[in-house]
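Q: Sharing a structure with you now.
2 protein chains.
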Amino acid sequence: MRVSRREFGRLGAMGLAARMLPSVGLAQGGEKKVGYCVIGLGTIADHFMRGVLASSNSKITGLVSGHRDKAERVAAQYGVPTSSIYSYEDMDKFRDNKAIDAVYVALPNSMHAEYTIRSAKAGKHVLCEKPMSTTVKEAEDMIAACKAANVKLMIAYRLHYEPTHLKAVKLIRDGALGRVEVINGAFGFDAAPGAWRLNKTLAGGGSLFDVGIYVLNASRYLTGEEPVGFTGTVSTVDQDGRFATVEENVTWTTKFPSGALCAGSCTYGAQMPGYFKVFGSKGTMTMEPGFNYDGMRLRVNAPGLTLDEANTEKDPMQFTREADHFSECVLGNKRPKSSGEEGLRDMKYIVEIYGAAGVRL
Amino acid sequence: MRVSRREFGRLGAMGLAARMLPSVGLAQGGEKKVGYCVIGLGTIADHFMRGVLASSNSKITGLVSGHRDKAERVAAQYGVPTSSIYSYEDMDKFRDNKAIDAVYVALPNSMHAEYTIRSAKAGKHVLCEKPMSTTVKEAEDMIAACKAANVKLMIAYRLHYEPTHLKAVKLIRDGALGRVEVINGAFGFDAAPGAWRLNKTLAGGGSLFDVGIYVLNASRYLTGEEPVGFTGTVSTVDQDGRFATVEENVTWTTKFPSGALCAGSCTYGAQMPGYFKVFGSKGTMTMEPGFNYDGMRLRVNAPGLTLDEANTEKDPMQFTREADHFSECVLGNKRPKSSGEEGLRDMKYIVEIYGAAGVRL
């Protein structure tokens with residue numbers, strides 16, 4: 009009997025999956041599901057919680073919010089007892105809540121470090137949204153705190169677990185495109201006035217932190233290399249008050265040891281549907297849509313390989329896969345693929361790109 | 009009676025167009041066609057000469073080549089008398105050839121300046137391929153020589169006359185995309201070993217001179233602005249001997265006074281199908297194919313405007329339009345849209361980008 013991942017998720021929700029496919033993430037844990045306390049109940053948390061509904065090895069068991077009313081509504085929706093709702097102030101009490109194994113940090117960037125470190129000190133594994141932090145120092149402190157507490161730390165790079173991206177990476181590693189010469193990529197959106205992302209104190213910086221990071225990170229997993237050189241340019245076109253503390257647009261170039269180059273772009277001032285293109289010595293690859301919550305479409309033109317396929321899985325399946333992976337790591341004592349160190353690397357590169365553009369963070 | 013441009017071209021070849029549509033480039037010249045002497049009989053010259061066949065106001069009346077046999081074959085094909093075939097050495101004699109009004113300089117980049125200046129001194133108008141030259145000084149000398157000789161100088165930016173590009177520009181000027189935030193673009197190909205393009209002495213530099221210039225130039229006509237800041241990165245991935253004197257890959261960023269940014273890429277080491285994307289505050293535009301000899305496809309997503317249209321004209325129609333325009337300028341004593349000054353600007357920017365990348369030309 010073949011069971012698709014989606015069907016498996018539904019079966020899991022009915023309590024059937026564990027008996028049918030005990031080897032998937034549950035072998036070491038039996039019927040155990042990793043219980044997540046979600047810290048911050050914004051948009052991305054909603055995606056995550058809906059994703060967890062379809063996960064075979066994850067469940068929502070706690071909430072941290074500054075809005076008790078909202079938290080109670082969400083708790084009812086996900087079967088979380090009101091006793092597992094915390095405020096930001098008393099969150100540390102969840103140390104004694106056995107139903108909470110891990111946290112999902114879905115707060116503004118500037119709060120990632122504090123809430124990761126407090127969670128680690130409370131003995132909880134940490135799945136933290138990207139960007140990992142607002143500074144390299146914070147990222148290093150987060151890694152150290154999780155290490156000291158002997159808890160897992162994963163940065164929520166959802167596309168590290170997305171099958172179309174994984175296929176793109178495998179094709180490149182298998183040589184389908186030959187040597188990677190140049191990568192292009194972009195991602196952005198038109199940010200609403202007043203969004204926390206536009207507040208440097210909360211966000212750390214502008215669009216590179218939030219959306220450019222997808223292109224930056226992709227250029228690394230597509231090449232399989234760490235960049236060694238950067239240029240960057242920032243600008244603000246829209247003088248409408250939104251960009252008082254962060255820049256609107258960033259374009260940058262990165263150079264990898266092989267000589268592969270990437271030209272990246274991001275914005276908070278335009279719909280910029282995410283995409284990337286890889287130009288190799290033997291063939292080309294386009295992923296467009298490339299960074300959305302679903303609908304990835306991969307096209308390849310290479311000798312003997314013409315590909316045009318889209319992932320038909322719907323949002324929030326990327327979050328299901330992400331939760332699945334971290335829960336597998338927690339249950340099986342494995343290192344997450346998108347580790348704290350992975351997040352730290354991007355933080356260092358982001359600082360380099362802004363530095364090249366003359367922006368002091 | 010409506011006559012398409014293509015039909016007009018055919019009619020022109022039959023001698024009918026002038027009577028039907030005397031206002032198009034022929035009003036001042038009557039039945040006169042501008043006679044072109046093609047200098048250099050490589051691939052691009054072949055496109056041009058085939059394009060001229062469909063032009064209503066242009067014809068091939070002379071050839072300059074180092075290969076007499078080849079020149080005689082081509083002369084027979086285009087009805088050029090053998091007396092109008094010249095070698096590079098005796099080319100200047102065409103001063104007295106009344107059938108030659110203008111030249112089309114289709115030589116390696118390093119020879120553009122010499123042959124433009126010699127042609128101007130012989131009293132011939134000059135249509136010179138891009139890149140205009142290999143140095144800013146040469147470009148300035150070319151402009152000065154044509155001015156002194158009172159002849160027209162046009163740089164063969166074929167896409168300045170391509171209807172889909174013109175439509176893209178008009179849509180942006182009319183505000184269809186709002187304010188331009190970011191442009192992405194790329195163009196390149198896998199250069200054959202031994203090509204003159206790979207010889208810095210002949211080419212001036214690498215892929216930015218030859219193919220990156222399309223993206224650079226497009227970023228200027230799409231924004232309608234002149235760039236004020238540059239970054240650049242160059243690399244060579246393929247250590248196969250082709251890139252001993254020029255780089256293989258270039259990525260760069262440009263900043264425009266409005267704050268619009270462009271991230272550009274080019275290569276001599278991969279098939280890099282030309283494209284550009286414009287991300288505006290209100291909508292997005294993609295031209296893909298974007299820089300080919302035909303098949304331009306323009307897609308726009310903006311409020312109230314969803315567009316997906318391709319130019320079905322076939323190569324060499326871009327060259328027909330280019331020749332039409334220059335001949336109109338010659339016949340009507342008008343300034344070419346893609347003037348020498350336009351070419352000079354790109355030369356300055358190319359030098360800036362290479363400089364930013366640490367490359368001394």
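So the sequences go chain by chain: A and B.
Everything in the first sequence is counted per our numbering, starting at 9 for the first residue and increasing by one.
Everything in the second sequence is counted per our numbering, starting at 9 for the first residue and increasing by one.
For every residue, glycine included, the Cβ atom is placed at its ideal position computed from N, Cα and C.
In this text the structure is predicted, and so the values were computed from the model without any measurement.
1) Which residues in chain B have a C-beta closer than 9 Å to the C-beta of Ala268 (chain A)? List them in chain order.
2) Does the distance from the C-beta atom of Thr239 (chain B) to that of Thr261 (chain A) stay below 8 Å?
3) Which of the three DSSP states, helix, strand or coil, is assigned to Met99 (chain B)?
4) Measuring alpha carbon to alpha carbon, tell me which residue in A:Lys67, A:Lys129, A:Glu146 is nearest Gly351 (chain A).
5) Measure the beta-carbon distance from Ala331 (chain A) to Ser63 (chain A) and round it to whole angstroms, keeping in mind my assumption that it falls under 8 Å.
6) Leaving aside the five residues before and after Thr172 (chain A) along the sequence, list all residues of the same chain whose C-beta is less than 6 Å from its C-beta, in chain order.
7) Give the secondary structure of Phe56 (chain B) by DSSP, where H, G and I count as helix, E and B as strand, and everything else as coil.
8) For Asp198 (chain B), write down the residues that DSSP places opposite it in a beta bridge.
9) Counting only beta-carbon separations shorter than 8 Å, does Arg305 (chain B) have a partner in chain A?
10) Kindly confirm or deny that the segment 277-297 of chain B and the segment 192-202 of chain B touch, where touching means at least three C-beta pairs closer than 8 Å.
11) So is Arg126 (chain B) in contact with chain A if we call contact Cβ pairs under 8 Å?
12) Quick one: list the residues of chain B neighbouring Lys263 (chain A), beta-carbon separation under 7 Å, in chain order.
13) Could you tell me whether any Cβ in chain A is nearer than 8 Å to the Cβ of Pro281 (chain B)?
14) Beta carbon of His168 (chain A), beta carbon of Lys356 (chain A): below 8 Å?
15) Measure from the C-beta of Glu189 (chain A) to each C-beta in chain B and report whether the shortest distance is under 8 Å.
16) Would you say Asn341 (chain A) reaches chain B, if we count a Cβ-Cβ gap shorter than 8 Å as a contact?
17) For Ile125 (chain A), which residues does DSSP report across the bridge?
18) Short check: CB of Val254 (chain B) to CB of Gly213 (chain B), under 8 Å?
19) Whose C-beta lies closer than 6 Å to the C-beta of Phe287 (chain A) among residues of the same chain, with five residues either side of it excluded?
20) Compare the C-beta of Leu320 (chain A) with all C-beta atoms of chain B and state if any pair is closer than 8 Å.
21) Less than 8 Å between CB atoms is the rule here; does Ala184 (chain A) satisfy it with respect to chain B?
22) Assign Ala25 (chain A) to one of three DSSP states: helix, strand, or coil.
23) Which one of B:Leu135, B:Ala211, B:Pro311 has the shortest CA to CA distance from Arg343 (chain B)?
24) Please check if any C-beta of chain B sits within less than 8 Å of the C-beta of Trp260 (chain A).
25) Consult DSSP for Met140 (chain B) and reduce its assignment to one of helix, strand or coil.
26) Report yes or no: is there a C-beta of chain A within less than 8 Å of the C-beta of Ser289 (chain B)?
27) Would you give the residue range spanned by the beta strand (DSSP E) that Glu321 (chain B) belongs to?
28) Give me the residue from B:Gly272, B:Arg228, B:Gly186 with the minimum Cα distance to Leu174 (chain B).
29) Should Thr314 (chain A) be flagged as near chain B, meaning a C-beta pair shorter than 8 Å?
30) For Gly196 (chain B), return the contacting residues in chain A, with the cut-off set at a CB-CB distance below 9 Å.
A: Result, derived from the coordinates:
1) Ser243, Val245, Asn257
2) yes
3) helix
4) A:Glu146
5) 5 Å
6) Met304, Leu306, Asn319
7) helix
8) B:Gly277
9) no
10) yes
11) no
12) Thr241, Ser243
13) yes
14) no
15) yes
16) no
17) In DSSP, Ile125 (chain A) forms no bridge with anything.
18) yes
19) Glu189, Val190
20) Sequence check: residue 320 (chain A) is Thr here, not Leu. Taking Cβ atoms only, chain B never reaches closer than 8 Å to Thr320 (chain A), which makes this a no.
21) no
22) Bear in mind that a pLDDT of 38 at Ala25 (chain A), under 50, signals an unreliable position, so the number given afterwards is only what the model happens to contain. Helix.
23) B:Leu135
24) yes
25) coil
26) yes
27) Here Glu321 (chain B) belongs to no beta strand (DSSP E), and DSSP marks it neither H nor E.
28) B:Arg228
29) no
30) Glu189, Val190, Phe287
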